[in-house]
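So for the first sequence, this note's numbering puts the first residue at 6; every next one is plus one.
Note that the Cβ used here is the ideal one computed from N, Cα and C, for glycine as well.
As structure tokens, the structure follows; a few thoughts come after it.
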Amino acid sequence: MRVPPLPELPEVETTVRGLRPVLEGRTIAEVEVRRERLRFPFPPDLRQRLTGARVTGLGRRAKYGLVHTDRGTLVFHLGMTGKWRVDPAADDKHDHFMLRTDEGRRLFLNDHRRFGSVDMVDDDALPTYAPLAALGPEPLGPDLTAAHLRRALAGRTGGIKTLLLDQRIVAGLGNIYVCEALHRSGIAPGRMGGGIAEGRLERLVVAVRKVLEESIAAGGTTLRDFQHPDGDLGYFANSFRVYGREGERCGCGATVKRRVEGGRSTFYCGRCQR
DNA sequence: ATGTCCACCTGCTGGC
DNA sequence: TGCCAGCAGGTGGACA
Numbered sequence: 006m007r008v009p010p011l012p013e014l015p016e017v018e019t020t021v022r023g024l025r026p027v028l029e030g031r032t033i034a035e036v037e038v039r040r041e042r043l044r045f046p047f048p049p050d051l052r053q054r055l056t057g058a059r060v061t062g063l064g065r066r067a068k069y070g071l072v073h074t075d076r077g078t079l080v081f082h083l084g085m086t087g088k089w090r091v092d093p094a095a096d097d098k099h100d101h102f103m104l105r106t107d108e109g110r111r112l113f114l115n116d117h118r119r120f121g122s123v124d125m126v127d128d129d130a131l132p133t134y135a136p137l138a139a140l141g142p143e144p145l146g147p148d149l150t151a152a153h154l155r156r157a158l159a160g161r162t163g164g165i166k167t168l169l170l171d172q173r174i175v176a177g178l179g180n181i182y183v184c185e186a187l188h189r190s191g192i193a194p195g196r197m198g199g200g201i202a203e204g205r206l207e208r209l210v211v212a213v214r215k216v217l218e219e220s221i222a223a224g225g226t227t228l229r230d231f232q233h234p235d236g237d238l239g240y241f242a243n244s245f246r247v248y249g250r251e252g253e254r255c256g257c258g259a260t261v262k263r264r265v266e267g268g269r270s271t272f273y274c275g276r277c278q279r
């Protein structure tokens, strides 16, 4: 079974890297807002504010993409099905938001399920912008350590799987990479967060970094080697060891299991993960 | 404070 | 063959 990857941290990182050469240093010549809202209403002054703005740089925080301009920062979230389409051959009914650069490149934010969001934040307000300020450490940065996890998980009785999805504990993980990281570190998804030994947390940190880095590397390869006819940025081929593989063989020979918790699928191997 | 559940949304799948 | 219920899940809010 093959599952299209949802936009988690690696997909957002790959998207930002793909947008950078198109946007960085450019001036936004035209902005089109095609509906009132995605998950949240578009800022009412979005079009006016971005038109004529100069893009100074692009970045990412957790699953948020950041487009810094001389008039503030455009913060976008891809939700579950969001992607940017660059110079697409044809129009699509789920192209909700368009930027045209002074070079005539056209970028469409496409999101058929509309769980994504777009916001515009003043530079001086960015450090206290609530959606970003509440986030835990970047998993690929120096602040994600076993010691951090030990402190953040202390006393927590919930399952480690659920807790790792909490963006305040670690920022940027979603259902897919949490399942993969737990599998690689041999930790059962239902294990109580507060009761995990330090050595296992060390292994978990390593596994989280590794699975994200491998995925970003794969995405980078895709961007370099493969030009999608529609210029899609945000989805790329990937292979998972447990996610979406219910009933298939784990590397150890046991069968991959699926369990639903809180309406979310958890894929795991009952033999490798304890 | 913490854990649990639901709403949001649409394309796809499986069952009849 | 066609229809439709059910499912997928990131996030924020409601609730106990």
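What does the alpha-carbon distance come out to for the pair E3 and F47?
Nothing in the structure corresponds to residue 3, since the chain is present only between 6 and 279.
Candidates V17, V27, E218, T61, of which the one nearest L145 by Cα:
As a first step, residue 145 must be located in the first sequence, where it is residue number 140. Closest option to L145, Cα to Cα, is E218.
Based on the DSSP output, what are the partners of P46 in its beta bridges?
To locate residue 46, count along the first sequence from 1; it is residue 41. Partner(s): R42.
Beta strand (DSSP E) containing Y273: first to last residue?
In the first sequence, residue 273 corresponds to position 268, counting from 1. That run of the beta strand (DSSP E) goes 269 to 274.
In the DSSP assignment, what residue or residues form a beta bridge with R66?
For the purposes of this step, residue 66 is identified with residue 61 of the first sequence, where counting begins at 1. Paired residue(s): Y69.
Determine the closest residue to R118 out of A139, G84, P142, A130, with distance taken between C-alpha atoms.
If you number the first sequence from 1, residue 118 lands on position 113. Closest option to R118, Cα to Cα, is G84.
For V27 and T78, believed in contact at Cβ under 8 Å, the rounded distance:
Start at 1 with the first residue of the first sequence, and residue 78 comes out as number 73. Start at 1 with the first residue of the first sequence, and residue 27 comes out as number 22. Going by Cβ atoms, the distance from T78 to V27 rounds to 17 Å, so no, they are not a contact pair.
Counting only the same chain and skipping the five closest in sequence on each side, list residues whose C-beta sits under 6 Å from that of G199.
Along the first sequence, one-based indexing puts residue 199 at 194. Excluding positions up to five away in sequence, the list reads L158, A159, G160, R161.
In this structure, what does DSSP give as the bridge partners for E35?
If you number the first sequence from 1, residue 35 lands on position 30. Looking at the DSSP assignment, E35 forms a beta bridge with R105.
Thinking C-alpha only, which one of D127, T133, L149 is nearest D50?
On the first sequence, position 45 is the one that residue 50 refers to. It is D127.
Distance, Cα to Cα, R223 vs G256?
Against the first sequence, residue 223 aligns to sequence position 218. Against the first sequence, residue 256 aligns to sequence position 251. For the record, residue 223 in the displayed sequence is Ala; it is not Arg. Each residue's Cα considered, the two are about 21 Å apart.
What residue range does the alpha helix (DSSP H) around R189 cover?
As a first step, residue 189 is located in the first sequence; it is residue number 184 there, counting from the start. Here the alpha helix (DSSP H) through R189 covers 180 to 190.
Run through the DSSP bridge pairs and tell me what R111 is partnered with.
The sequence position of residue 111 within the first sequence is 106, counting from 1. Note: R111 sits in a beta bridge opposite R105.
Would you kindly work out how many angstroms separate the C-alpha atoms of R208 and R111, rounded to a whole number?
As a working mapping, residue 208 is identified with position 203 in the first sequence. As a working mapping, residue 111 is identified with position 106 in the first sequence. Rounded to whole angstroms, R208 to R111 spans 43 Å at the Cα level.
I need the straight-line Cα distance from E185 to A176, nearest angstrom please.
In the first sequence, the residue the question calls residue 185 occupies position 180. In the first sequence, the residue the question calls residue 176 occupies position 171. Taking the straight line joining both Cα atoms gives about 16 Å.
Determine which residues share a DSSP beta bridge with K88 and list them.
Along the first sequence, one-based indexing puts residue 88 at 83. K88 pairs with N115.
Pull up the distance between the alpha-carbon of R59 and that of D116, whole angstroms please.
Position 54 of the first sequence, counting from 1, holds the residue named residue 59. Position 111 of the first sequence, counting from 1, holds the residue named residue 116. So the two alpha carbons sit approximately 25 Å from each other.
Look up D171 in the DSSP assignment and say whether it is helix, strand or coil.
Here residue 171 corresponds to residue number 166 of the first sequence, with the count starting at 1. Three-state result, D171: coil.
What are the partner residues of H82, as DSSP defines its beta bridges?
As a position in the first sequence, residue 82 is number 77, starting the count at 1. Paired residue(s): Y69, S122.
What are the boundary residues of the alpha helix (DSSP H) that R25 is part of?
By one-based count along the first sequence, residue 25 stands at place 20. R25 -> alpha helix (DSSP H) spans 14 to 28.
Own chain, CB closer than 6 Å to H73, minus 5 neighbours either side, in chain order:
Indexing the first sequence from 1 puts residue 73 at position 68. Excluding sequence neighbours, H73 sits near T61, G62.
Within this structure, are the beta carbons of G164 and G204 separated by less than 7 Å?
Against the first sequence, residue 164 aligns to sequence position 159. Against the first sequence, residue 204 aligns to sequence position 199. It is not a contact, given that the beta carbons lie outside the stated cut-off.
Assuming E29 and K166 are in contact, meaning their beta carbons sit under 8 Å apart, how far apart are those beta carbons, in whole angstroms?
On the first sequence, residue 29 is found 24 positions in, with the first residue counted as 1. On the first sequence, residue 166 is found 161 positions in, with the first residue counted as 1. With a Cβ gap of about 37 Å, E29 and K166 do not count as contacting.
When the distance is taken between beta carbons, is G141 closer than 7 Å to I174?
Taking the first sequence and counting its residues from 1, one reaches residue 174 at position 169. Taking the first sequence and counting its residues from 1, one reaches residue 141 at position 136. Contact flag set, yes.
Just checking my contact of S270 with P15 at CB under 8 Å: how many whole Å lie between their CB atoms?
Taking the first residue of the first sequence as 1, we reach residue 270 at position 265. Taking the first residue of the first sequence as 1, we reach residue 15 at position 10. In fact, because the Cβ distance is near 19 Å, the residues do not count as touching under 8 Å.
Own chain residues within Cβ distance below 6 Å of F81, not counting five before or after:
In the first sequence, the residue the question calls residue 81 occupies position 76. Closer than 6 Å at the Cβ level, and outside the excluded window around F81, lie G70, V123.
Where do the N-terminal and C-terminal ends of the beta strand (DSSP E) with R263 fall, by residue?
The count along the first sequence starts at 1 and reaches residue 263 at position 258. Start and end: 261 to 266.
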